[in-house]
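Asker: Next up is a structure, given as C-alpha cells.
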Amino acid sequence: MLNSLTLLMALPIIGSIVVALLPKTKETLAKQVALITTLIVAGATIAMAVNFQRDNVDLQFVEKYSWIPTFGINFAVGIDGLALVLILMSTVLAPIVVLAGWNEAHGGRWSVKVFYILILVLETMMIGVFAATDVFLFYVIFEAMLIPVYFLIGGYGTGQRSAAAVKFLIYSLFGGLLMLASIIGLYVMSGAQGGHTFDLQALSQLEMSSTTQNFLFLGFFIAFAIKAPLWPLHTWLPDAADSATPGTSVLLLGVLDKVGTFGMIRYCLTLFPDASKTFTPMILVLSVISIVYGAFLAIGQRDLKRLIAFTSISHFGFITMGIFAMTSQGQSGATLYMFNHGFSTAALFLVGGWMISRRGSSTIADFGGLQRVTPVMAWSFFLAGMSSLALPGMSSFVSEFLVLVGTFTRYPVHAVIATFGIVLAALYILIPVQKALHGPTTAGNENLSDLNLREKIAIAPVIAIIIALGFYPSPLLKVINPASAHVIAQMGFTDPAPTNGDK
Amino acid sequence: MVDLAISVGTTQNPEAILFWVLAPLTVAAALGMLLVKKAVHSAILMASVMINLAIFYIAQNALFLGIVQIVVYTGAVMMLFLFILMLVGVDSSDSLTETITGLRPIAIVASVGFGGLLISLIGRATLGRSAVGLSEANMNGNVKGLASLLFSTYVWPFEVVSALLITAALGAMVLAHHQRIQTRPTQREMSTARFRGESLANAAGLPGPGVYARHNAVDVPALLPDGTPAANSINATLKARGDMLTSGSFELGKVDTSAEEEK
Amino acid sequence: MEFTTPVLNYTLLSPILILLGAALITVLVEAFVSKALRPITQLSITLGGLVLALVQVWRIRNEQSMTAAMGSVIIDGPAVLMQASILIISIISVFLIADTEHFTALAASLPGSDEERQAVQSGNQVTEVYPLTLFAVSGMLLFPISSDLITLFVALEMLSLPLYLMAGLSRRRRLASQESALKYFLLGAFSSAFFLFGAAFLYGYSASVTFAGIRDAVVGSGGNDVFLLIGISFLSVGLLFKVGAVPFHAWSPDVYQGSPTPVTAFMAAATKVAAFGAMLRIYYTSFANAQWSWTPMLTVIAIVTMVFGSLVAIAQRDVKRMLAYSSIAHAGFLLTGVIALNKAGLEASIFYLFAYGIATVGGFAIVTLVRDAAGEVTDLNRWKGLGKRSPWVATAFAGFLLSFAGIPLTSGFIGKFSIFSAAYESGAKSVVIAGVLSSAIAAFFYIRVIVLMFFTDPVEDGTSVEIPSALTSLSVIFAMVVTIALGVFPAPVLNLISDLATFIR
Amino acid sequence: MDAANYLYLSALLFTIGAVGVVVRRNAIVVFMCIELMLNAANLAFVTFSRINGDLNGQVVAFFTMVVAACEVVVGLAIIVTIYRSRRSASVDDASLLKR
Amino acid sequence: MTTSNSLVYLIALPLLGATILLLAGRRADKWGHILGTLMSASSFGVGLYQLSQMLGRSNEARPVTQKLFEWISVGTFNVDAGLLLDQLSICFVLLITGVGTLIHIYSISYMSHDHDRRRFFAYLNLFIAAMLLLVLGNSYLNLYVGWEGVGLASYLLIGFWNQKPAYATASKKAFVMNRIGDMGLSFAIMIAFATIGTVSFEGIKEHAHHTSTGALTAIGIMLLVAATGKSAQFPLQAWLGDAMAGPTPVSALIHAATMVIAGVYLITRSNFIFDAAPTAQLLVVIVGAITLLFGALIGTAKDDIKKALAASTMSQIGYMILGAGLGPVGYAFAIMHLLTHGFFKAGMFLGAGSVMHGMNDEVNMRKYGALRKFMPITFVTFGLGYLAILGVPPFAGFYSKDMIIETAFNSGGTKGIILGVVTLLGAGITAFYMTRVMILTFTGKSRWDAEAHPHESPILMWLPMAILAVGSVSSGFLLSRGDALVNWLAPLFEQHGEHEELLAPIVVSGLALAMVAIGVVVAFLKYSRQEVAAVAPENVSVFTKIARQDLMQDSFNEAVFMRPGQLLTSALVKTDEHVIDGAVRGVAQLALGSGSVLRGVQSGFVRSYAALILIGAALLIAAIWVVI
C-alpha cells in the first residue's frame, strides 16, 4: 500500500517527466499520460484516506528528511484531517480538470505538452503545500506554486491574459514576501528559544510578546487573505479567473486559493493564537463584507467568468468567517466548505467554460435559451449553480449552514448579516441561469452542441460528489471534526453552551 | 583643540610664521584653480599648491616626502598633466557659467556645508592622548625610518604596487598605441604605389620648405624665371606617354588659393 | 628602528602571486607572441592562472587563521570563501570575455575611422583585456583579505584601474563605452580620494593603519570619536561607491550600460564580492565596537538603496541598465548583511554574494546572446517574444531573473532569506521590512521582463539570438545549475560557509 | 603652533578639490582637483604621522603618491582617448548614457 | 413513540421517480408520465398504510419516527436525517400524495401535447418528494431541506415554460422571495441552536418551557417570516400571482393545495414555540388578517382566472395563518381549512385548467362567458368548489371557515372584534370575487375570440376534478363530525382553557352567510345584469386600478428594494473597479511614477554624480555633527 506523502508528491513529477520526454507532436499521448497520472494520484490519495485514522488528532503519515540543516530546515510532511481533506479534493479535481479541459491547451502560447507538464508540477505542489509541516517548506511551495499558475494563465488563457497573470503574481508575491518577513521573525525567535527550527509544532510553542505576535500574524494573514481572497485584497481574482482557462480557474480558485484559508487555520491560528484573537473582530468584519460585497459584485457582472469569480469571493468570506468564529461548527463548516467549494466552483467553471468555448463569448447576455438547445449542459450548469447558492441537498448547504450556525452562537450579528448573502446568492445564480439557459433561444445559440461523452464523464463525478455529500457528509465530517476540535481546543476555546435565552 | 595643541620645541615660532604665510597662499592657489578659466593656469596653480604642500611636509619632519612631492608630484605628475594639456590644446579655456540647471547652488550649499561641518567637527575632536612628534621616530633619519617600514612591514603592498604600475603602462598602451594593422610597406611597394597610382600628383613628394610652389611633381614642368614653363624639365618618357600636364594652370596669377584659405 | 627581515608566507599569498605571475606572462605574450596565436594563448594562460589560483585557494583553506605578508593580509575562512567566489565568478566571466565580438578591434583608433574598420577587417583583437582582467582579479583577491589601510588602498586601486580601462573597450557604441570609462574613472578617483581622506582620519584616531590597531583604539580610546566617525564615514563613501549604494551609485547604471557586456558581468559580480568582502571585514572587525555609530547610517543607506534601485529599475527600457539598477537594489539587500553584524550575517552575505554573482554573470551572458546586425540588442522592447524564438535562452534568463527576485527554489531566495533573517536577528527589523517591500517592487520589473519575453508576440526587426559559443554556453549552464542547485540543495555550500566563516581579528 | 591647523588646511583643500570636481567642466581640471583632494589627504596623513609620532602615516602618503601617479597615467590615457573621439575635453559632453 | 422503517418510502418513491425521469431523458418520454403517476400513487398508498397503522394505536403511540442516518454532527450540533410521522403530518402526507396523485392523473392529459411532459412529471415527483420531506422531517433542519426543495421544484415548475422570458422571470422572482423567507427559517434555526442547543422538534419542545420568552419570540418571528415567504403572506406575497405562469396543474398542486400551506404547517408544527411567545403569535394573527383582506381585494380586480384564484388562495391561507395564530384553539381549524381548501381550491384550479384547455389557453375571463353549456362537468365541479369556498352549508368551507371566524371573534377583547370583523369582511369579498369568476366564466354571453372552440375535457382531466369536487362537498362535514380532526390533533397541542364566547356559533354563521350573500348579490348586480366588456375598461376607479396592480406590491418592492439594490450593485461594481482596484493600480502607478521621477537623478552628467556623492558625504558629516 502506498502510504508515503513524499511518494505521492513524486508521482505527478514523474508523470511530468514522462510528458516532457514525449515528442512535441504526440499531443494526445501527452494528455493521456497526464490523465493516467492524475488518476493514479487520485487513487493513491483515496487509498491513503482509507488508511487514515480518523480519531487520531496527531499528524499522520509523517515523514521528515533533513534539507538545509544550517537553518534547521527539514523536508517534513504529515497530514491531519484538515490537510487530508484538502489533498483529497486537489487530487480528485486534477483528473477531472485534465479530462474536462482536454482541448484547453490548444491555442496557447506554447505546446500542449508544456501545459500538462505545468499541470502535473502544480499537482505535486498542491499536495506538498497542504502536507508540509515545516514552515519553510510550506513557504517555498506556497511561492513556487505561483510560477506554474502564472504560466498557465499567461500562456494558455484568453483576453488580457498576461496582464492578469502579472497582477496575480505581483499580488501573491507581495503577500508572500510579507509572510517571508514573518517567517524570518519566527525563525529568529526560535533561534533565541532553543535552536533554529521551522517545525510547526515547535514554532507553536514559542513565547512572543503580543506586539511581535500581532505583527507576525499580520504578515501571515495578509498573505493568506490575498490568496483566499478576502475583501479588499481580492481584485486580482476576477481578472485572473477572467483570463485563465476553465481548468486553470478550477485549480486556481478551487485549490490554490484554499491554501489561503488552510493557512489561516494551520498557521495563523496555530502559531499565533493570541494575535488571532486580537484580530478576530476585524477579520470577521472583513469576512462579512466579503460575503455581501462579493455577492453584490457577482450580481453586477456581465461576464460569466467574472461572475463566478465574485461568487467565490463571497464564499471565501464564509470560509474565513467560519474559521475565525472559533466554534467547532464554524471550524468544521469552514473546512468542509473548502472541500465543497472546490467541487461546486469546479462544476461552475467547467460547465461555464464549455458554454463559453462553444459560444465563443463569455458575456452572459450573448447566451439565451440553452436549456432547449443543450439540455445536459444547461442542467449541469443549473446544478452547479444550485450548489453555489447552497441549496439544501447540495454539499455546500451543509458547510454554509454549519458556518452560519457556528458563527451565530458566538457572533450573532455577523452571522445575521452573512445570512443575507443567501438571498443575494439566489440572485447571482438565477440571473445568469435565466439569461443564459432560459428564455427564447437567441441568435448564435441555435447550433451549440451538447456535452459530449468525455465532458459528461468529467462533470458527472463532480455533480455526484456535490449531491452525495449534501445528503451524507458524515464521512468527511468524521475526518474533519477531530482536527477542528483540536484547533479550537488549542486556541483555548469551547463552544458556547446553549443560553436558553439566559433564562 | 587643547589636546591637539602640540609643542614642537624650538621650531614653534618659525613654523607658525611659515604656516600662516604659506597656508593662505595655498588656499588662494587652490581657490584659483577653481576660478581661472584656462586649464593651463589651473595646472600652474596646482603645481604651486603642491610645492607649498612639500614645504609643509618638510616643516612637519617629513623630509623624504617633501622631496618626493616636488620630484614626483610637481615634477613628473604635473608635467604629465601639462603635457596632456598641450595635447588637448593649451588654449582651451573653460566657460565658468554653469550649464546644468541647479547644480551650482547645490554645489555651493553642499560644499559649504561639507567644509564647514568638517572643519567644525575637527575643532570638536579630542584625541585623548598627547601629540608625540617625530623626533623619536626620525632618530635614524627620516629616510631610513621610512625605508625600514617600507621594506619590512609594507613590503607586500610595495610589491603589489608594481602590478599597479604595469597596469598603468598597459592601460596607456592599450588606449594610445596605434598598432600597425597591415605590414609596413616596403620601399619597393611604396615606390610602385607612387608611380603606378592613379595620379602622379604626389609622385615627387611635396616641395621642400621655403619653396614657393604647390606641386613638386615630375609631371609638372618647372617654371622659368619669367614665369613660363620649361618644357625640357619634364622627363621625355612622360611626355611621350602623354602624362605631362600643361603648365598653364600653374602660372602666376592663376593660382587657386581657395585651399589655402580653408586652413 | 631596527630593520626586520620581512616574512611574507608565500603559500598564503600564492593565489594572488599565481595571478600576478600569469598577468606578467600575458603581458609578455603581448610583446612576443604573434597576433594570430595571441587570443588562444592569452585565454589559456588566463584560465590556467585562474584555475590554478582556485586550486591553491582550496588548498590553503585549512591553513586559515593566519596573517601573512607582515600582517598586511589575513587569510581566514571568509577570505578563502571570498577568494574562491571571486575566482569562480572570474572564470565564468572570462568565458564571456573570450568572445571577441564584444571588444573593440583597436582601442586607440577613432570610433568610425578607417583605421578602426581596417582593424576589424584584419581581425585584430585587444588581447590586453586578459592581463587587465588578471590584474583586476588579483586586486579583487587582495581587497577582502587586506588587513591594513595601505594594502586596502592599493588593492582598491589595483582592482579599479584595470576596470576603468576595460570599461572603455567596447566594440559597439564606442563613444558610450569611452564615456563610461571616463565616468567610472573620474568618479572612482573621486571616491577613492574620500576613501583616503577617511583613512587618514582613522589613522589619526587610532595611531595605527592596521585593522587590529583601529579595533584596539575603538575598544579603548581616551578621546572622543570625532576622528573615528569622520574616518568611518569617508572610508564608507569609498566602499559604498564600489558596491553601488545610494547616493554613491550614480556611476553604475551608466558604466554597466556602456561597458562591454562581459566586462559588465565581471565587474557587477566580482567587484561586488570583493568590495563587500572588504567592507564586511572592516566593519566586522575594526568597527564592530563602534556599531552604534554606523548602524543607523548604513540602515538608512541600505533602505534608500533598495527602494531607489527597485523603483528606478521599473522605469528602465534597457536591459543592461535595468540589471544595473537591480544590482543597486541588491547592494541594499547585501548591506543588511553588514548591518546584521553577527555570524549569521557574515555567512548569509557570503552566500548571497556568491549566488548573486553567479546569477549576474549568467544574466549578462544571456544579454550577450541577443543581437542584431549591429551587435547586442539591449532595448527591452526588442526582447519581445524571445521566449517564442529561443525558448531555452529565454527560460534561462527568466530563471536568473526569478533568482534575482528571490523566488523560492532559486539561490536568490535562500540568499535573501538568510540575509534578512540575520538582519532580523540583530534587531534590524526596519531593514527587513524595507527589504521585503522593495523585493515586491523589484519583482514587478523582473516579471515584466518575463512577460515581455514569454507573453508578448515577437517583433520582426532582425533581432536574433546568437548561437552561443561553447564557452558562453558553458558559463550560462554553469550559472543556471548553480542557481538552481543553491536554491534546492544549498546545504553543502551553507555548511561549508558555516564551517569557515569566522573572521579572525 | 597647533598641528590642528594643518588639519583645517587639509580639510579646506579637500573641500576645494571636491567642489572643483563638481563645478569644473574640463576633464583635466577635474582630474587635477581630484589630485588636490589626494594631496589634502596626504597632508592629513603627514600631520597625523607627526601627532602620532610614527612614520606609518608618511608611508601611506608615499604609497598615495605612487598610486596617484598610476592613476594619473590611466586617467589621462582615458581622457586623451575620449578627447580624440569627441574633440572635446568637457565632461559635460560625455552624457550619452543617462536616465 | 414508535419507530418504523417504512416512512422513508413515502419520500423515496417519488424521489426515485424524479431521478429516473430526469436521468433517463428522452428515452423515458413514452412511459414517464405513467411512472410518475404510479410513484405518486404508491406514495399515497404508503400514506394510507401508515394511517391505518396509526389508527390502530393509542394517541401516545401514534407518532412514528425513523432515523435514516447521521446527517450533520459537529460538536453539539447533531442533526440526524430523521423522519417523524404524527397526527399532524399524516394529514399533510395524505393531502399531498392524494391531491398530488389526482393532479398527476389530470396532467397526463393536460400536458399530453407538451413536448416535455416527462420532464414535467419528473418535476412533479420531485415536488412531492420535497414536500413530503418538509412535512416529515423531524427537525427544523430536515424541514429546511424540504422547504428549499419545494422552492426548487416550484421554481422549476413555474418556469416550466421558461422559454417565455416573463415566465422565467416569474420563477426567479418566486425563488428569490422564497429565499427571503428561507432566511427567516435559517435565523430561527440558528437562534434555536444558540439558545436551546438543538434543532429537533422534540428537543425544542422539551426545552421550550424553560427558555426565555425573548428567545422564543425571536424564533417565532423568524418562523413567521419563513411562513410568509412560502405561503405568500404579507409582505412576501408578491410572487404568487406571477407564479401562475406555470402549467395549471402546478398552480393547483403547489400554489393552491400543498406548498403554499407549508407556512401553516410550520406554525402549527411550532405550536410549542408560539404558545410560549404571545408577541410572535400576535404578529402571526396580524399577518394572517392583513393577507386575507389583501388577497381578497386583489381577487376582485383580476381578469386572469388563474390570478384571481391565486389571490383567493392568498386570502384563504391568510385565514389559515390567522387561525394558526390564534393558538391551540385555532390550530385544528387552521388545519381543517387547509385540508378543505386543498380540495376545493385544487378542484377550482383544475377547473380553470379545463376551461383554458378548452379555450386555447386563454386566461382572460373577459373573453370567456357562457361556458356552462360547453363544459358542463367543469361547470359543476367548479361550482361545487365555488360553493365550498363561499362557505355555504354544508359544503366544506362552511365548516372550516366559519370555525376560524368564530374563533377569531372569540379570541377576546378588541383583538377579537377586529379579527372577527376582518374575517367576516373577507368572507364577503371572497363571495364577491368568486361570484364574479363564476359569472364571467360560465354565464352570460360568450365573448370568445374567433378561433375558440370550447369543449369539455377528456376523462383523465375531469375525473380528478370530480373526485376533488366530492372532497369539496364532503370533507368539511367529515372532518368536523364529532370534532374528528380536532380530537385527532389534540394530543399534539397544549390544551387550552375555555374561552368566553363573544358570539354564539350560530350568530357567527348567520353573520358570515349574510356577508356572503351581500357579496354574491353585489357581484351578480355588477356582472350579470350589465354587459361585460371583453377588454378591461380603463375608466375605473383608482381603487380598481390599484387592485389590478396587486395593491402596488410590485411597485413597492421595486421602489424600495429593487431599484436601490440595482443602484447599490452598480455603485459597488464601480467602487470595485475604480476605488479598490484603482487603489491597487494607483500603488503600481505610484511606483512607476516615482521610478520615472527618480530616474531624473541620473542626468548623465558626471559632475552631478559627483555632486551626489558630495551631498551624500555632507549628509554623513552632518549626521556625525548631530551625534557628537
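Protein chains in written order, with our numbering: chain Y, 581 to 1083; chain S, 38 to 300; chain L, 3 to 507; chain W, 1423 to 1521; chain U, 5 to 632. Ideal Cβ placement from N, Cα and C applies to all residues, glycine included.
Helix, strand or coil for M38 (chain S)? Go by DSSP, reduced to three states.
Answerer: Because the pLDDT of M38 (chain S) is 38, which lies under 50, any placement of that residue in the model is unreliable, and the question is left without a value.
Asker: State yes or no: is the C-beta of L158 (chain S) within less than 8 Å of the C-beta of I232 (chain L)?
Answerer: yes
Asker: DSSP three-state label for F1536 (chain W), please.
Answerer: Outside the modelled stretch of chain W, which goes from 1423 to 1521, sits residue 1536 (chain W), for which no answer is possible.
Asker: So what does DSSP say about L275 (chain L), is it helix, strand or coil?
Answerer: Residue 275 (chain L) is actually Val in this sequence, not Leu. In the structure shown, V275 (chain L) sits in a helix (DSSP, three-state: H, G or I).
Asker: Could you name the residues that DSSP lists as bridge partners for Q70 (chain U)?
Answerer: According to DSSP, Q70 (chain U) bridges with U:L87.
Asker: Along the chain, where does the alpha helix (DSSP H) containing I538 (chain L) start, and where does it finish?
Answerer: Shown here, chain L extends from 3 to 507; a query on residue 538 (chain L) therefore has no answer.
Asker: So, helix, strand or coil for Y991 (chain Y), using DSSP?
Answerer: coil
Asker: For a cutoff of 8 Å on Cβ pairs, would you count L618 (chain U) as touching chain S?
Answerer: yes
Asker: For I443 (chain L), return the contacting residues in chain U, with the cut-off set at a CB-CB distance below 7 Å.
Answerer: A595
Asker: Evaluate E455 (chain U) with the Cβ neighbour count: other Cβ atoms within 10 Å of its Cβ, from every protein chain shown; 16 or more gives buried, anything less gives exposed.
Answerer: exposed
Asker: Look at the Cβ atom of V520 (chain U), then the Cβ atom of L394 (chain U), and state whether they are nearer than 8 Å.
Answerer: yes
Asker: Tell me the residue span of the beta strand (DSSP E) that contains T69 (chain L).
Answerer: 68 to 70
Asker: Going straight from the alpha carbon of A1463 (chain W) to that of F1436 (chain W), what length do you get?
Answerer: Those two C-alpha atoms are separated by around 7 Å.
Asker: Residues in its own chain within less than 7 Å of E299 (chain S) by CB, not counting five upstream and five downstream?
Answerer: At E299 (chain S), the pLDDT of 43 sits below 50, so the modelled position is not reliable and the matter cannot be decided from this model.
Asker: Rounded to whole angstroms, how far is the Cβ of V524 (chain U) from the Cβ of T439 (chain U), which I believe are closer than 8 Å?
Answerer: 5 Å
Asker: Going by C-alpha distance, which of U:H117, U:N166, U:V396 is nearest H37 (chain U)?
Answerer: U:H117
Asker: Going by alpha carbons, who is nearest to K449 (chain U) out of U:R376, U:L52, U:Y127, U:Q54?
Answerer: Among U:R376, U:L52, U:Y127, U:Q54, the Cα nearest to that of K449 (chain U) belongs to U:R376.
Asker: Of the residues Y:Q951, Y:P972, Y:R938, which one's Cα is nearest the Cα of N683 (chain Y)?
Answerer: Y:R938
Asker: What in chain Y is Cβ-close to D307 (chain U), meaning under 7 Å?
Answerer: Neighbours of D307 (chain U) on chain Y: none; closest Cβ ~26 Å, over 7 Å.
Asker: Count the C-beta pairs between the region 483 to 493 of chain U and the region 559 to 570 of chain U that are closer than 8 Å, then say yes if the count reaches three, no if not.
Answerer: no
Asker: Does the beta-carbon of G1497 (chain W), which I'm using as the reference point, lie nearer than 7 Å to any heavy atom of the ligand GDP?
Answerer: Annotation note on the ligand GDP: not contained in the displayed structure, which lists no ligands.
Asker: Is G329 (chain U) buried or exposed, if buried means 16 or more other CB atoms sit within 10 Å of its CB?
Answerer: So G329 (chain U) ends up on the buried side.
Asker: Return helix, strand or coil for V539 (chain U), following the three-state DSSP convention.
Answerer: coil
Asker: Check S600 (chain U) in the structure and name its three-state DSSP category.
Answerer: Helix at S600 (chain U).
Asker: Of the residues that make up the region 146 to 169 of chain S, which ones have a beta carbon closer than 8 Å to any beta carbon in chain U?
Answerer: A147, S148, G150, F151, L154, L155, S157, L158, R161
Asker: List the whole-angstrom C-beta distance separating L576 (chain U) from F898 (chain Y), where the pair is believed to meet the contact cut-off of C-beta under 8 Å.
Answerer: Their Cβ separation, rounded to whole angstroms, is 18 Å, which puts L576 (chain U) and F898 (chain Y) out of contact at 8 Å.
Asker: With 16 as the cutoff for other CB atoms within 10 Å, does Q123 (chain L) come out buried or exposed?
Answerer: Using a 10 angstroms sphere on the CB of Q123 (chain L), the tally of other CB atoms stays under 16, which defines it as exposed.
Asker: Taking the beta carbon of T129 (chain L) as the centre, do at least 16 other beta carbons fall within 10 Å, making it buried, or is it exposed?
Answerer: It is buried - the Cβ of T129 (chain L) has at least 16 other Cβ atoms within 10 Å.
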